[in-house]
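Worksheet for the structure shown next.
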Amino acid sequence: MNWSYLAGLALASLSFGNATLASQAGIPCEDGKRYYGLAQQAGSSQDFDKAVDWLNKSLTACDSYSAWHLLGTAYQKQRKLEDALTAYEQATLHATRQEQAALSMARYGQVLALNGQRFEALTMLERAIEAHPNPPSWMRENARELDQSLVESPISSDAIKRSLASQQFGLLAINAIDSKNGPERQEKATVRIPINYKLDSVEMDELTAGNIDELGKVLSSTEYAGKTFTLVGHSDVRGSWDHNLALSEQRADAARQALERRYPSLQGRLRVTGAGEARPKYPGERIPEADHRLNRRLEVIVN
Numbered sequence: 089m090n091w092s093y094l095a096g097l098a099l100a101s102l103s104f105g106n107a108t109l110a111s112q113a114g115i116p117c118e119d120g121k122r123y124y125g126l127a128q129q130a131g132s133s134q135d136f137d138k139a140v141d142w143l144n145k146s147l148t149a150c151d152s153y154s155a156w157h158l159l160g161t162a163y164q165k166q167r168k169l170e171d172a173l174t175a176y177e178q179a180t181l182h183a184t185r186q187e188q189a190a191l192s193m194a195r196y197g198q199v200l201a202l203n204g205q206r207f208e209a210l211t212m213l214e215r216a217i218e219a220h221p222n223p224p225s226w227m228r229e230n231a232r233e234l235d236q237s238l239v240e241s242p243i244s245s246d247a248i249k250r251s252l253a254s255q256q257f258g259l260l261a262i263n264a265i266d267s268k269n270g271p272e273r274q275e276k277a278t279v280r281i282p283i284n285y286k287l288d289s290v291e292m293d294e295l296t297a298g299n300i301d302e303l304g305k306v307l308s309s310t311e312y313a314g315k316t317f318t319l320v321g322h323s324d325v326r327g328s329w330d331h332n333l334a335l336s337e338q339r340a341d342a343a344r345q346a347l348e349r350r351y352p353s354l355q356g357r358l359r360v361t362g363a364g365e366a367r368p369k370y371p372g373e374r375i376p377e378a379d380h381r382l383n384r385r386l387e388v389i390v391n
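In structure tokens form, the structure reads like this:
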């Protein structure tokens with residue numbers, strides 16, 4: 089896996105740019121706008137220390153999504169990863185539109201990847217792609233690169249817990265935006281653990297079969313005592329619609345049986361459903377077999 093490529097892609101897609109008026113539109117005070125403009129100028133000159141100073145002054149003058157997001161960009165350019173995570177989290181919580189929240193969540197995911205937290209990064213990027221009305225290509229490219237990198241990587245229960253925890257601020261922001269713009273639709277935390285299936289089978293493939301135990305450790309842990317979960321099976325797009333729908337539900341049910349057998353406390357707490365070929369990660373029939381494999385997956389929703 090070419091991690092220098094991923095790091096380069098992450099930084100190449102960051103820009104301070106010159107679209108000052110568009111970026112300042114959501115800043116509610118004149119001082120904040122002025123300091124923000126100075127930060128853009130400093131960032132465009134690669135003076136990120138000065139950009140950080142101006143952005144902090146902008147935020148002191150008036151809190152804004154734009155300043156928090158650009159502050160995350162400045163810290164990411166400086167490789168100050170913890171500071172970047174904090175800034176992008178605040179940007180997500182200050183977002184007023186879905187695409188703003190999705191953009192900051194995706195940047196948060198990039199920083200997690202640069203910090204070596206690839207599984208958690210993929211979770212955030214996939215949630216961002218779902219939330220964005222028209223995801224830019226860099227989001228999909230980053231997510232696919234991470235997805236492929238995790239094919240042969242065992243996932244720990246601790247990583248699953250961290251990915252669930254890291255979703256919370258994004259879900260809070262998205263649900264708040266949804267409640268303002270229409271009927272309330274509560275998004276739920278999702279476990280996106282790599283569990284994939286053999287072709288036309290309910291049997292998990294050799295690369296990810298061991299992850300079912302790590303999933304069971306999390307779902308049966310004290311943190312989720314009393315919670316119920318929905319196991320969603322998926323298929324690739326080959327075969328008939330009806331066959332794939334039935335197969336995907338059978339996959340989810342096979343996972344339920346395996347989890348209940350190994351972790352008896354989960355009995356009665358696992359629901360199953362199948363999505364068939366309706367929600368492929370990678371659409372199309374004429375795609376690499378590796379992508380078809382990633383479409384044959386299990387998803388877990390925390391109810």
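Final position of the sequence shown in the numbering used here is 391; the numbers increase by one with none missing. Ideal Cβ positions, reconstructed from N, Cα and C, are used throughout, including at glycine. All values reported here derive from a predicted model rather than from experimental measurement.
* Would you be able to state if there are at least three C-beta pairs under 8 angstroms between the stretch 311-318 and the stretch 255-264? => no
* Asked: Given a threshold of 16 other Cβ atoms within 10 Å of its Cβ, counted over all protein chains shown, does Thr-310 qualify as buried or as exposed?
  -> The count along the sequence shown starts at 1 and reaches residue 310 at position 222. By the neighbour-count rule (16 or more Cβ atoms within 10 Å), Thr-310 is not buried but exposed.
* Whose C-beta lies closer than 6 angstroms to the C-beta of Gln-178 among residues of the same chain, with five residues either side of it excluded? -> The residue labelled residue 178 in the question sits at position 90 within the sequence shown. These residues qualify, in order along the chain: Trp-156.
* **Top-ranked residue by Cα proximity to Asp-195, from Ile-243, Tyr-163, Asn-391, Gly-125** => Counting from one through the sequence shown, the residue named residue 195 turns up at place 107. The displayed chain sequence assigns Arg, not Asp, to residue 195. Answer by Cα proximity: Tyr-163.
* To do: At 4 residues or longer, and completely inside the stretch 192-247: list those alpha helix (DSSP H) runs for me, N to C.
  => 206-219, 225-237
* Asked: Can the beta-carbon of His-322 be found less than 8 angstroms from the beta-carbon of Ala-277?
  -> Mapped onto the sequence shown, residue 322 falls at position 234. Mapped onto the sequence shown, residue 277 falls at position 189. For His-322 and Ala-277, no; Cβs fall outside 8 angstroms.
* Asked: Going by other Cβ atoms of all chains shown within 10 Å of its Cβ, with 16 needed for buried, is Arg-374 buried or exposed?
  -> By 1-based counting over the sequence shown, the position of residue 374 is 286. With fewer than 16 Cβ atoms within 10 Å of its Cβ, Arg-374 is classed as exposed.
* Asked: By the 10 Å Cβ neighbour count, where 16 or more other Cβ atoms means buried, how is Lys-286 classified, buried or exposed?
  -> Reading the sequence shown from its first residue, position 198 is the one you call residue 286. Exposed.
* To do: Compute the distance between the beta-carbons of Leu-238 and Val-279, then report whether it is under 8 angstroms.
  => As a position in the sequence shown, residue 238 is number 150, starting the count at 1. As a position in the sequence shown, residue 279 is number 191, starting the count at 1. No; because the gap between Cβ atoms is not below 8 angstroms, this pair is not in contact.
* Residues near Leu-303 in its chain [Cβ-Cβ closer than 6 angstroms; skip 5 each side] -> Here residue 303 refers to the residue found at position 215 of the sequence shown. Cβ neighbours of Leu-303 beyond the five flanking positions: Ile-281.
* List the DSSP bridge partners of Ile-389. => If you number the sequence shown from 1, residue 389 lands on position 301. In DSSP, Ile-389 forms a bridge with Thr-278, Thr-318.
* Asked: Quick one: what's got a C-beta closer than 8 angstroms to Val-306's C-beta in the same chain, skipping five residues either side?
  -> Locating residue 306 in the sequence shown gives position 218, where the first residue counts as 1. So the list reads Ser-245, Ile-248, Lys-249, Leu-252, Val-279, Tyr-312, once near-sequence residues are dropped.
* To do: May I ask you to list the residues that DSSP assigns as paired with Arg-326?
  => The residue labelled residue 326 in the question sits at position 238 within the sequence shown. DSSP, once it has assigned bridges, lists no residue as partnering Arg-326.
* Asked: Going by alpha carbons, who is nearest to Asn-332 out of Thr-361, Ala-172, Lys-145?
  -> Against the sequence shown, residue 332 aligns to sequence position 244. When only C-alpha atoms are compared, the closest one is Thr-361.
* If we ignore side chains and look at the alpha-carbon of each, how far apart do Ala-231 and Ala-342 end up? -> Position 143 of the sequence shown holds residue 231. Position 254 of the sequence shown holds residue 342. The alpha-carbon atoms of Ala-231 and Ala-342 are separated by roughly 28 angstroms.
* To do: Out of Arg-215, Ala-201, Ala-216, state which residue places its alpha-carbon closest to the alpha-carbon of Ala-209.
  => As a working note, residue 209 is residue 121 in the sequence shown. The shortest C-alpha separation from Ala-209 is found at Ala-201.
* To do: Go to Val-360, then tell me how far its beta strand (DSSP E) extends in each direction, as first and last residue.
  => If you number the sequence shown from 1, residue 360 lands on position 272. Its beta strand (DSSP E) spans residues 358-362.
* Would you kindly work out how many angstroms separate the C-alpha atoms of Pro-376 and Asn-144, rounded to a whole number? => Here residue 376 is taken as the residue at index 288 of the sequence shown, counted from 1. Here residue 144 is taken as the residue at index 56 of the sequence shown, counted from 1. If you take the alpha carbons of Pro-376 and Asn-144, they lie about 46 angstroms apart.
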